[in-house]
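K.L.:
Could you have a look at this structure, given as structure tokens, before my questions?
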Amino acid sequence: MDATANHPEREHPGKETPREEVETVTIRFCGDSGDGMQLTGTEFTKSTAIAGNDLATFPDYPAEIRAPAGTLPGVSGFQIHFSSRDIYTPGDAPDVLVAMNPAALKTNLPDLVAGGVLIVNKDAFSDVNLQKAGYGQNPLDDESLARKYRFFKVDISGLTERALAGSGLTSKEVALCKNMFALGLMFWMYGRPMEATIAGIRRKFAKKPQIAEANVKVIHAGFNYGETAEMFAHKYEVKPARLPPGRYRNVTGNQATALGLAAAAQKAGVRLFLGSYPITPASDILHELSYLKNYGVTTFQAEDEIAGIGSAIGAAYGGALAVTTTSGPGMALKTEAMGLAIMLELPLVIIDVQRGGPSTGLPTKTEQADLLQAVYGRNSEAPLPVIAASSPADCFGAAYEAFRIAVQYMTPVILLTDGYLGNGSEPWLIPNVEKLRPIEVKYRRDPEGFQPYARDPKTLARPWVIPGTPGLEHRIGGLEKDFTTGSVSYDPQNHERMVRIRAEKVAGIAKGLAPTEVFGKPEGDLLVVGWGGTYGALHQAAEQLQAKGNRVSHLHLRYLNPLPPDVGDILRRFRHVLVAELNLGQLAKILRATYLVDAASYNKIQGKPFKIAEIVNRCREILEPDGARA
Amino acid sequence: MSANPLPVTPPLTKKDFQSDQDVRWCPGCGDYVILAQVQRVLPELGIPRENIVVISGIGCSSRFPYYMNTYGMHSIHGRAPAIATGLKVARPELSVWVATGDGDGLSIGGNHTIHVLRRNVDMKILLFNNRIYGLTKGQYSPTSQVGMKSKSSPYGSLDAPFDPLRLALGAGGTFVARAVDAEPAHLTEVLRRAAHHKGTAFIEIYQNCVVFNDGAFDYMTEKAAREETRLVLTHGKPLVFGKAKDKGIRLNPKLEPEVFQIGREGDLSQCLVHDETSETLAWILAHLQPPKFPTPVGVFRAVSAPTYDAGVHEQEEEVRGKKGAGDLAKLLGSGETWTVS
Ligand SMILES: Cc1ncc(C[n+]2csc(CCOP(=O)(O)OP(=O)(O)O)c2C)c(N)n1
Ligand code: SF4
Ligand SMILES: [Mg+2]
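If you want it as structure tokens, here you go:
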């Protein structure tokens, strides 16, 4: 955004505020967790999507549902990055910060870009609130704010109260509307359409029309305030992005995951069964799927994570496409049952929406530190395929792909997403149902020559035989099986043979993978390697470096186990390899062990995604070790 | 998914339910009796063999599915009720049986046991209670008596045991029963009743582990003693026991059960009459413990209640009725959408 603007409070008497065109904007709404910032952000996102921009969002909220009001831990934020070109991340730093109270200002101001727009609800800066935020004196009196930022003190609470004078609402109900004032003001500033939001509010409060109309009124008040207060020197225009043609909607990663699972079951023509125990940030997948009863979707809220996966194993045995969803601590609990699923060789999808750990860790923050757990974290030789989604919308395809592999190879599959993907959102080109890759479910029905563990010579998959099939009655279980008959066997040679064939089956999945795509030249000075939710930041960092003439490429791995067969060659064609991950170097460890390459690590473990600039800077240090850059 | 059309075949026999695997329990183990009685009852039910599934956890008792010529799964320690729940919900037409032990179902898997009972998922749970961990060679279990000397309690166990039936009743069990391996005919009767119950049928079966806890139930199984030490429950019949049928159970003025001598201390009309539908009575019966009281065997409680699995499918139908069958293209394109041309 234009940082050389004039002093904000310059007057435009009698003139319409000019509309300035900008390419890309990042706005962060922040306030107390009771201030409705997530809703404000979601509504702004909706209208931005309708305005046709490419966008990415990142909600950031505290672990406590309602930390003490006004305190620093109680601050909740929602960031949206939108643009007239294609973008991949929710933005490194906000250009616009809307702070609803002192605590929000204190925790978020350091992120605001120099020259950015700062809007505060000045009514919230009472002595009590200042004290709760740990401010010795009122920061709004600090003259330097107006020098550093385009700074607007707006009496949001007071204006909201005035707009609702005589509405008959209680003062508490009135206070709850103030986020709508901020939303209206932002709608004005960025010329967003408001109809969808207003219609949505009327729908949501259909039974309380008084509340609905109050909210609508306050949105208009905020909008009109922008128009008439003559306080804002600019309003902005972000032209629609040139996205590939088609019909779009906005999805969060968790929504896309749920849709991908439902789509796989519909395409396969069988029931989807989800066994799950609530855990942040994975619960939304359970919530989404629990609405889809008329799609042959069964959701079972189990008594714990073990029952979540246990019930899914039972459903898979019965012939359903079965899935269990969780986050790190729940993954740990499911471990033993995953081993059972590996022994039973039943199709099953296990989704880990990763969060900060270990233990309870940072439950509402993102991290990528469950990779080694996913690939190796079971007793004995227990291989299973692991794949990862790279963006909120990509969760759809990744979930779909997880089922395709599970069914084709008769194996449990782990899909890794993370809190950033799960809660973040972006526009999604709605796929054509006809064009989704088919998922072929074939239950064995023929008793002729039946052996429960006889394998398909190509995939090494055993047949899927479901109870209810006459003549195929047999027993399966966690004890080692005879290679041929599938009966219990304690034979030492047979055990080694079975361990090897299970490993071979999973390794063989690599043969069916399409060639790995590299963003940039196939060889060069530096290959930035990543997996999962860091895709956007790494991609854009590589793009920026390439634009400056650097020989930098980006490799993003969807298939983490088995690794695609061409990865070793790709790594060796670069002078330097940098593996960037939100952990202490887990993929780097796997790549070094697998390919004996001197891969360096770039790590961040702060519960936050990478910023593009962080990646760019680290790459520059590698490319110009002597600090030759300006 | 629908069931396969039932083939027209001659009635099944006990033999049809015996698998080709050698049974590997210790000679004399009570598990043999239980296996034989289940194999005897199943053919009577008229359920095609392929529609019967036995799921177990881990333990001596959990080897059960291997010996049954039905579908079966020997799963992991304690988790059979969870796996069985997923199967039953996905395939309500199947007849689902769980074989578990006092360690499997009450210790490591206690959580799943109470929740399956609470939900009333339609399955039969056979809990083989030998008051010991058999497979791991003789540690005390959650049903072992205080003071029991075992491999892991050489000076006597300090753990207070709990009673599986009180647990099952507390969790809302709709069919709660007890039987003993030493009385196969009675066991068969209870199994038959359980097989016809819609909902979770929970049967605790006292089972003698000849190796690690031999004789644990002798006090109520030995022919000479049992008329005095166990009480056979029959719906609608007074709670009478004793060789001469001369002892009854009644409530005293403090509403506590007591044994009384029929004739000498009161007449038969004071005797409690068994009613399988009375939760209060089931609760009282579950509190009758030796040596003061005889141990009741039979069906403590049998009531009909909606099952979870049926509920799942009814709700699905209801939603389908309201919203119509799901259309994938519509689902993917739901919410606010916009078109880029
Ligand atoms: C996760 C796990 N923990 C421990 C064990 C070891 N183990 C196997 S069976 C068993 C106890 C079985 O006791 P019970 O359920 O009473 O069965 P029984 O052998 O007496 O029939 C234990 C502790 C195991 N297999 N898995
Ligand atoms: S150890 Fe006990 S319970 Fe296990 S098979 Fe032997 S006798 Fe039966
Ligand atoms: Mg036992």
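For the record, the sequence lines run as chains A and B. If you read the first sequence in my numbering, its first letter stands for residue 26, the second for the next number, and so on. If you read the second sequence in my numbering, its first letter stands for residue 163, the second for the next number, and so on. Just so it is clear, CB atoms sit at the ideal spot from N, CA and C, and this is done for glycine as well. Keep in mind that this is a model prediction, so the values were computed, not measured.
Is residue 337 of chain B a contact residue of ligand 2, with contact defined as CB to any heavy atom under 8 Å?
P.N.:
It does not: the Cβ of residue 337 of chain B is nowhere closer than 8 Å to a heavy atom of ligand 2.
K.L.:
For a test of the three-state rule: what should DSSP assign to residue 295 of chain A, helix, strand or coil?
P.N.:
Of the three classes helix, strand and coil, the one that applies to residue 295 of chain A here is coil, per DSSP.
K.L.:
Along the chain, where does the beta strand (DSSP E) containing residue 651 of chain A start, and where does it finish?
P.N.:
Run containing residue 651 of chain A: none; DSSP gives neither H nor E here.
K.L.:
Compare the C-beta of residue 412 of chain B against all C-beta atoms of chain A and say whether one is closer than 9 Å.
P.N.:
Closer than 9 Å: no.
K.L.:
Less than 7 Å between C-beta atoms, sequence neighbours within five positions excluded: which residues of the same chain meet that for residue 30 of chain A?
P.N.:
Bear in mind that a pLDDT of 38 at residue 30 of chain A, under 50, signals an unreliable position, so the number given afterwards is only what the model happens to contain. 175, 258, 259.
K.L.:
Counting by C-beta, which residues lie closer than 5 Å to a heavy atom of ligand 2, in chain order?
P.N.:
The set, ordered by position in the chain, is B:187, B:188, B:191, B:222, B:296, B:371, B:372, B:373.
K.L.:
Going by DSSP, which residues form a beta bridge with residue 348 of chain A?
P.N.:
For residue 348 of chain A, which the question treats as bridged, DSSP gives the partners A:299, A:374.
K.L.:
Quick check: what's the CA-CA separation for residue 427 of chain B versus residue 388 of chain B?
P.N.:
The alpha-carbon atoms of residue 427 of chain B and residue 388 of chain B are separated by roughly 22 Å.
K.L.:
Compute every distance between the C-beta of residue 294 of chain B and the non-hydrogen atoms of ligand 3, then say whether any falls below 8 Å.
P.N.:
Yes, the beta carbon of residue 294 of chain B sits closer than 8 Å to at least one heavy atom of ligand 3.
K.L.:
In chain order, what residues of the same chain have a beta carbon less than 6 Å from the beta carbon of residue 329 of chain A, not counting five sequence neighbours either side?
P.N.:
Correct list, in chain order: 302.
K.L.:
Ordered along the chain, which non-local residues of its own chain (more than five positions away) have a Cβ less than 8 Å from that of residue 323 of chain A?
P.N.:
Once the five neighbours on either side are set aside, the close Cβ partners of residue 323 of chain A are 296, 297, 298, 299, 340, 345.
K.L.:
Using 10 angstroms around the beta-carbon of residue 65 of chain A, count the other beta-carbons present and answer buried if the total reaches 16, otherwise exposed.
P.N.:
Its Cβ being crowded by 16 or more others within 10 Å, residue 65 of chain A is buried.
K.L.:
Comparing C-alpha positions only, which one of A:367, A:334, A:318 sits nearest to residue 480 of chain B?
P.N.:
When each option's Cα is compared against that of residue 480 of chain B, the closest is A:318.
K.L.:
Would you give the residue range spanned by the alpha helix (DSSP H) that residue 206 of chain A belongs to?
P.N.:
Element bounds for residue 206 of chain A: 203 to 214.
K.L.:
For the pair the region 326 to 345 of chain B and the region 265 to 279 of chain B, tell me if three or more CB-CB distances fall below 8 Å.
P.N.:
With the cut-off at 8 Å, the region 326 to 345 of chain B and the region 265 to 279 of chain B touch.
K.L.:
Is there contact between the region 385 to 393 of chain A and the region 601 to 615 of chain A, where contact requires at least three CB pairs shorter than 8 Å?
P.N.:
Result yes; three or more Cβ-Cβ pairs closer than 8 Å.
K.L.:
Taking one C-beta from the region 130 to 140 of chain A and one from the region 192 to 202 of chain A each time, how about it: are there three or more such pairs within less than 8 Å?
P.N.:
Too few Cβ pairs lie closer than 8 Å, so no.
K.L.:
What number of angstroms, rounded off, separates the C-alpha of residue 86 of chain A from the C-alpha of residue 557 of chain A?
P.N.:
Distance between the alpha carbons of residue 86 of chain A and residue 557 of chain A is about 21 Å.
K.L.:
Report yes or no: do three or more beta-carbon pairs, one from the region 351 to 360 of chain B and one from the region 449 to 467 of chain B, lie closer than 8 Å?
P.N.:
With the cut-off at 8 Å, the region 351 to 360 of chain B and the region 449 to 467 of chain B touch.
K.L.:
Please classify residue 643 of chain A: does DSSP put it in a helix, a strand, or coil?
P.N.:
The answer is helix: DSSP assigns residue 643 of chain A an H, G or I state.
K.L.:
Are the CB atoms of residue 177 of chain A and residue 256 of chain A nearer to each other than 9 Å?
P.N.:
Contact flag set, yes.
K.L.:
With a threshold of 7 Å on Cβ separation, who are the neighbours of residue 421 of chain B within its own chain once the five nearest residues in sequence on each side are excluded?
P.N.:
Contacts found: 409, 411, 455.
K.L.:
By how many angstroms is the C-alpha of residue 275 of chain B removed from the C-alpha of residue 337 of chain B?
P.N.:
Rounded to the nearest angstrom, the two C-alpha atoms are 13 Å apart.
K.L.:
So residue 224 of chain B and residue 284 of chain B are supposed to be a Cβ contact under 8 Å. How far apart are they, rounded?
P.N.:
Between residue 284 of chain B and residue 224 of chain B the Cβ distance is about 21 Å, and since that is not below 8 Å, they are no contact.
K.L.:
Measuring only the C-alpha atoms, how far is residue 60 of chain A from residue 469 of chain A?
P.N.:
Each residue's Cα considered, the two are about 56 Å apart.
K.L.:
For the putative contact between residue 567 of chain A and residue 602 of chain A, defined by C-beta atoms under 8 Å, what is the C-beta separation to the nearest angstrom?
P.N.:
13 Å between Cβ atoms; not a contact.
K.L.:
Note down the Cα distance separating residue 244 of chain A from residue 117 of chain A, rounded to an integer number of angstroms.
P.N.:
Going by the C-alpha atoms only, they are around 28 Å apart.
K.L.:
Whole-angstrom Cβ separation of residue 388 of chain A and residue 442 of chain A, contact assumed at under 8 Å?
P.N.:
Incorrect: roughly 15 Å between the Cβ atoms, too far for contact.
K.L.:
Need the endpoints of the alpha helix (DSSP H) that residue 338 of chain A sits in, please.
P.N.:
Looking at the DSSP string, the run of the alpha helix (DSSP H) that includes residue 338 of chain A is 330 to 342.
K.L.:
Could you please give me the residues that DSSP links to residue 506 of chain A through a beta bridge?
P.N.:
For residue 506 of chain A, which the question treats as bridged, DSSP gives the partners A:513.
K.L.:
Relative to the C-alpha of residue 450 of chain B, which candidate in B:401, B:287, B:246 has its C-alpha closest?
P.N.:
Among B:401, B:287, B:246, the Cα nearest to that of residue 450 of chain B belongs to B:401.
K.L.:
Tell me whether residue 226 of chain B is buried or exposed, calling it buried when 16 or more other Cβ atoms sit within 10 Å of its Cβ.
P.N.:
With 16 or more other Cβ atoms within 10 Å, it is buried.
K.L.:
Closest to residue 452 of chain A by C-alpha separation, out of A:238, A:67, A:45, would be which residue?
P.N.:
Taking only the C-alpha atoms, the option nearest residue 452 of chain A is A:67.
K.L.:
Say yes only if the C-beta of residue 291 of chain B is nearer than 8 Å to one or more non-hydrogen atoms of ligand 3, and no if none qualify.
P.N.:
Yes, since a heavy atom of ligand 3 falls inside the 8 Å radius drawn around the Cβ of residue 291 of chain B.
K.L.:
For the 8 Å Cβ check, are there 3 or more pairs between the region 570 to 577 of chain A and the region 521 to 534 of chain A?
P.N.:
In short, these stretches do not touch, since the Cβ pair count stays below three.
K.L.:
Ignoring anything shorter than 4 residues, give me the alpha helix (DSSP H) runs that lie fully in the region 405 to 448 of chain A, in order along the chain.
P.N.:
Those alpha helix (DSSP H) runs which fall completely within the region 405 to 448 of chain A and span 4+ residues are 419 to 434, 444 to 448.
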